[in-house]
Structure formats: C-alpha cells, structure tokens
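Number of protein chains: 2
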Amino acid sequence: MEELTIKDVARICGVGVSTVSRAINNHPDINPETKQKVMDTIREHGYIPNNSARNLKRIDAKSIAVLVKGMTNPVFSSMIKVIEAEIKRKKYAMVLNHVNQNEDEVDVALEVVKEKRVRGIIFLGGYFNHDEEKLEKLQVPFILSTVGAAPENVDNMQCSFLTVDDEKESYKMISHLIDRGHKRIAILCVEMDEKSVGYRRLLGYRKALRDHGIAVDERLIREMSGKQEAYTYENGYEVMRELLQEDQDFTAIFVISDIMAMGACRAIIDAGKRVPEDIAVAGFDGIAAGDYFIPRITTIRQPVEEIALTTIKLMFEILEGERKHMQQVFEGELMVKESTVKLSLP
Amino acid sequence: MEELTIKDVARICGVGVSTVSRAINNHPDINPETKQKVMDTIREHGYIPNNSARNLKRIDAKSIAVLVKGMTNPVFSSMIKVIEAEIKRKKYAMVLNHVNQNEDEVDVALEVVKEKRVRGIIFLGGYFNHDEEKLEKLQVPFILSTVGAAPENVDNMQCSFLTVDDEKESYKMISHLIDRGHKRIAILCVEMDEKSVGYRRLLGYRKALRDHGIAVDERLIREMSGKQEAYTYENGYEVMRELLQEDQDFTAIFVISDIMAMGACRAIIDAGKRVPEDIAVAGFDGIAAGDYFIPRITTIRQPVEEIALTTIKLMFEILEGERKHMQQVFEGELMVKESTVKLSLP
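Protein chains in written order, with the numbering used here: chain A, 154 to 499; chain B, 154 to 499.
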C-alpha cells in the first residue's frame, strides 16, 4: 500500500487541497459526501502529511536507541533525561525501547538496528551474557551502562562498559551493617546468572561476611520473586512477607534496590515490626524516593547522572571516530540513613 | 561532511574491509599504523556502519513522538510503557522527548515534526494554552493525554483530548476530607494558568468547600515551589515545610500529586507531627509508591494504563483514516488509605 500526500488525495477526489485539509481536521465547513469520499480515499491508501506546503523543512534525523531493562526503576528516568538532552543537542533523535525481564535484550537490539537511522545503542540495566557472534551482528557501536558484568572478550568487541563495581559496593554496605553489630544479615538479590548485577552484589555479601568471620547462612539468601515484575515495591514486599512468615533469625537485610527495600520496609511494618529497631533495611541506588521515605533508606548512591553523561558523550566520540571503546568503573557512595540507624527526630 | 561506509574507508586507506573492521572493533591483530590511518579517515569523514554486508535488511521505520512534561512523575512511566508496546506492535518507532517545565511543548513539538518520519504526536502532562495557528503548524495528528483543559475550538482542530475530569475528581477528594470532619483544608496545587491541571483541581477544591458551606481561606492555597523541579518529592517537602513554619491553622491538605504528597508527609514528620492524626494528607494519581509509603497515601487513582492504551489505539486509527479526532473523559477512583484515616495495623 503506497501512502498518499494531501495533493494525491485532492487529485483522486477531484477537490482542492484545502477541502482535504478540512476533512482531515474535522472542520464543519465541508459537504458530508465530499468528506466521506476524502476519508474513504485516505482509509484505502493511507496518508502522509503534506509538509512542503507549509514550508516546513523536514529532515531524516539519525537516532540513538536506548534499551532499558527494569523500566520501573526510577534510576533509569534520571539517566534517560541526561542522555536525551545530549542526543537532542547533537540533533539526533532518541528512540526508547523497554526490554521486559523475560526478553533477550540483544534480540530486541537486533530488531532495533534494522532501523536504518539507528547509529548506536545504549543498554541500561539488566545483564549481559551473550556470545560474541550474536553481539557482532549488532553492527552499530553499543555501550553497556549500569549493566552487570562485562561480556567476555570485551576488548575485541565493538562495545564499551560503564558501571559501578557492584561487588565492591555491596561489600561496603554489608561492612556497614556488621559495624552496626549485625551478624544475622539477609540479602534480597536477583537472578543467579553470574553476569548479573545481583550475582555480583551477592559475591560482595559473601566476601564481607567471610572477611568478618561470619558464616554464610544460605537460608538468608533470597531471590526476587518471579511472580511480580522485577525491581518493584511489590516484589520487595512479597519476598519480605514470605521471609517473615518463615520466622528466620535475622536482624538486618540488604535489598539490592531502593524501590524493593521500601517495599520490604512496608512488609515489616505490616507484620507489626519496626525498622530499624527490629530489622535494619539497606537499599542500593540512591534514588530520591528513598530519601523521603519514612524511615529514610540507607543506600549506596550510584552516580547515575555522571554515568549517563559519560555514556552518551562517549557514544558521540566513538561515532565521530575520536575515541575507541573503553571500560570505566564509577565509585558509589554509602549513605547512612534512618533505615539502619535510628536517629532522633528534630 | 559526507559519511563513508566501511567499503569507502577500506578503499581510501587501501586496505581490506576486514582490516577496517578490526580497527573499529579495537582488535589486537592489526598493524598500529594501519589502525591509525583507518581511524583518522573515519574521524575526518564520519562513518556509517555497513549493514548490507551482513545481510541485515534495514528499514525506515515511521515513528510516533511522545512528549512528556513533568517526567519525574512515575505516572508517565506506566503510560509510556503501554504506548511503546502498541507502537512496537505496529512496527513504528517511539521517539521520546521530555519537555522541561519552562519550555513550550508546542515549540518542542515543532522541532520534533521536522523529522520526516514522525507521523503523530502524543502529549503527556502539562497543559495546553496555545493559539490555533501555532498548533496547526504541527501538521501531524496529535493527542493530548492527561493534559489540563482542552484547547479552545478543539472541534476544528487536528487534535484529540483524553483525560480525567480534574475538577470533578478534586471535588471528590475534598468531599472525603470534609466527611472526615476537616474544615480547615489546605491545597498544594500548581501554576495558576486557567488551562492547567492544577487550576482545574483548585476549582474543584473551591466548589467542594462552597457546597459544604466552608469559607475558602486564600492563605491555605499554596503553589508548587518554582525553585525545585515540579512534581518532585523535594517540591512537596519544601512547600509543606514553609507552610508549617507559618503556623497556619489547618488539619488536612490535598496535594495534587502523590509524589509531592509523600514529600509533604516527610516534612510533617520532620516537624515532629503525625500523619494523619495531626495533619491528614491526600494525594492524586494512584501510583504504586503511594501504596507502599508509611503511611499509605489516600489518593485519586487515574486509570493511566487505560488512558494510555486508548490514546495510542486512537492515534493509529486516526493515521489509518478509520476515525476522527475525539474527546474522552475517564473516571478516577477515590482510594481511602492511612494518610487520611488512621487504620490499626494487623
């Protein structure tokens, strides 16, 4: 089916362009039969707006695709905003794609690059565990930003990798909880795939306990629920509710995202317990919501705006041939708040 | 500057395509000088990935642009997800654009439609108060979704309009607060422009008080702070903090977004007061965060997924000539929770 311009529609219907315009715009000043004829023609052929008529110079903007896994996590909203601003400044368009938890982001990316104008891809969230051959098919430069572990053989690939050191940051948080006197510390992590953010944070958890002479109790290691969407309040709530029902012995929990940590707090309160007096709760990310929650959430702040800006600037430098792919690790910051340390109110 | 394909780069440098590929992909198996030459050539001319070589059939996807005002509000995340899924199903691309609070969304839209492939625009959030002439320049069909009041003369325009009745929903909430015995009710609204969501909710507030024989006290009508980004926790926190410092007499407040209502709760707690015993707090939107907050936030739930799905389906029906522009008003739902009614915990 070939689409028609407004002039084509006018010609076929034997009317003027302004009449077609009136029909499209639902203007009252048009004969109903003529209107019908115009709309039928458009229905039959499809229609592309006629722009030259209004002297609007139209262009084919190149675009950067952004693929987000775990879209309900507000961490990505602030990253997307930074990335979009830079893309706009470069007169590119940003094509946003969300990847569902059960979708393969590389398959989604392969669909996306079929689009001629996509010049680069930025992956946010999720994790990467794909064979090189599949990744090479992507054809355009891509950057993994805040994505679990680097793919193997990253040096040979058309790919950059920007993130915090999830194992190290997790180690920091567990050390904080141990410093506060906790010995029975649970963890709510995600997907045991060894490339995932969750797995790397679990490594940090195990290492911190080991270094402090505390035995790991596998019953206190919990995965996100597969029944709810990942990285949601609901998921944190449900996993915590189940853990509380089992009557396990623990006095603190590290939840690998603030959103889920807040859901976990709500489950603790609903069970008639207090945060942090009965159970201390620590999150990860450093989103604004956690800082207004009651109690404020202790967290590892990821420098997401800085990671986002570095990511998109690097993308354009690569496209302009000024730079090659690289890896960069950013430093997180431990923010101690009310959910692990009871503070007296002012 | 004309961009080169991988074949052009190979020809100019007098090397094979695979050598160029190795240079781009940072492969170790390449002579450093050759690599330098390749990268210099790319730097000079720019480079477009050579796709035909890998039998990837590339297309020019048409796109729908989504313009979001007030992006930090999670209401829009769920709407965007629904809209994107439908756009993808139709083999279009979604181009996302955030509009800053101080930007004119129609100016942003005019920039966006310069892009040839944009076939329609969806506006989310903000409000519309633009002369018809400017809107007509948009050329492509557009839909205002969850956007304040309809533009004037909407019948003659190439535009649809889908939203809740903000005045009526606000009236519902104020009636709930009055039913709970409150007579001194404050409101935190936004931008006094008569087309805005905030203004229409203020109308509902005034009408509900009047209908219940309660005099309006203008000192209890507060606007969002211009110092912080709109619709943020921070903004709700700051405005509430100032209101509490003034020592005004009020026992309840209606805040026109859940995010800001939660910020306001935090300010009340930080001032050593309780929610709802000292001050009842009501929000608007019905986002998940509010349902896990401590206390859970009383709110008006907007059927955002339904509005989003109706919006994008309507867009494609209009593009396919099956339908004309229309207006549709959706019903909100009052959700009474702990922030206005103290509930005993289980």
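Glycine is no exception: its CB is placed at the ideal position from the N, C-alpha and C atoms.
For residue 278 (chain A), DSSP records no beta bridge to any residue. Residues of the region 465–477 of chain A with a Cβ closer than 8 angstroms to any Cβ of chain B, in chain order: 472, 473, 474, 475, 477.
Legend: CB atoms of the region 284–300 of chain A lying less than 7 angstroms from CB atoms of chain B belong to residues 290, 292, 293.
Shown here, residue 172 (chain A) sits in a helix according to DSSP, grouped into three states. For residue 404 (chain B), DSSP records no beta bridge to any residue.
The residues 386, 389, 436, 442, 443, 446, 450, in chain order, have a CB closer than 8 angstroms to that of residue 415 (chain A) in the same chain once the five nearest residues on each side in sequence are set aside. Secondary structure of residue 216 (chain B) (DSSP, three-state): strand. DSSP places residue 329 (chain B) in the uninterrupted alpha helix (DSSP H) bounded by 319–332. Counting only runs of at least 3 residues, the region 450–498 of chain B fully encloses the following beta strand (DSSP E) elements, listed from N- to C-terminal order: 452–454, 480–483, 486–488. The three-state secondary structure of residue 388 (chain B), taken from DSSP, is helix. Neighbours of residue 196 (chain B) across chain A, judged by C-beta separation under 9 angstroms: 473, 474, 475. With a threshold of 8 angstroms between beta carbons, residue 418 (chain A) makes contact with chain B. Contact between residue 406 (chain A) and residue 434 (chain A) holds: CB atoms are separated by about 6 angstroms, below the 8 angstroms threshold. From the listed residues B:242, B:240, B:221, the smallest Cα separation to residue 256 (chain B) is found for B:221.
In this structure, the beta-carbon distance from residue 365 (chain A) to residue 331 (chain A) falls below 8 angstroms. DSSP, reduced to helix, strand and coil, places residue 377 (chain B) outside both helices and strands of the structure shown, so it counts as coil. Using beta-carbon distances, residue 213 (chain B) counts as an interface residue toward chain A, with a partner under 8 angstroms. Nearest neighbour of residue 401 (chain B) by Cα position, chosen from B:383, B:419, B:377, B:431, turns out to be B:431. Burial check for residue 212 (chain B): the Cβ neighbour count within 10 Å stays below 16, so the residue is exposed. Counting along the chain, the unbroken alpha helix (DSSP H) around residue 165 (chain A) starts and ends at 159–166. With contacts defined as CB atoms closer than 8 angstroms, residue 216 (chain B) and residue 248 (chain B) qualify as a contacting pair. Chain order gives no chain A residues near residue 413 (chain B), where near means a beta carbon separation below 7 angstroms; the closest approach is about 10 angstroms.
Take the alpha-carbon of residue 358 (chain B) and the one of residue 324 (chain B): they are about 6 angstroms apart.
DSSP places residue 291 (chain A) outside any alpha helix (DSSP H), giving it a letter other than H or E. Ranking A:165, A:335, A:191 by CA distance to the CA of residue 404 (chain A) puts A:335 first. Straight-line measurement puts the Cα of residue 190 (chain A) at about 44 angstroms from the Cα of residue 439 (chain B).
When the Cα atoms are used, residue 258 (chain A) and residue 429 (chain A) turn out to be separated by approximately 38 angstroms.
Within its own chain, the residues whose Cβ lies closer than 8 angstroms to the Cβ of residue 180 (chain A), once the five positions on either side in sequence are excluded, are 174, listed in chain order. Just measuring C-alpha positions, the residue of B:165, B:482, B:448, B:455 sitting nearest residue 492 (chain B) is B:448. Between residue 158 (chain A) and chain B, the shortest Cβ-Cβ separation is not below 8 angstroms. Around the beta carbon of residue 351 (chain B), 16 or more other beta carbons sit within 10 angstroms, so the residue counts as buried.
Distances from the CA of residue 238 (chain A) to each of A:296, A:481, A:461, A:475 were compared; the closest alpha carbon is that of A:461.
Looking at the DSSP output, residue 257 (chain B) sits in no beta bridge, so it has no partner there. With respect to chain B, the C-beta atom of residue 451 (chain A) has no partner C-beta closer than 8 angstroms. Residue-level contact check: residue 192 (chain B) touches chain A, since one or more beta carbons of chain A fall below 8 angstroms from its beta carbon. Per DSSP, residue 435 (chain A) lies in no alpha helix (DSSP H); the unbroken beta strand (DSSP E) holding it starts and ends at 433–435.
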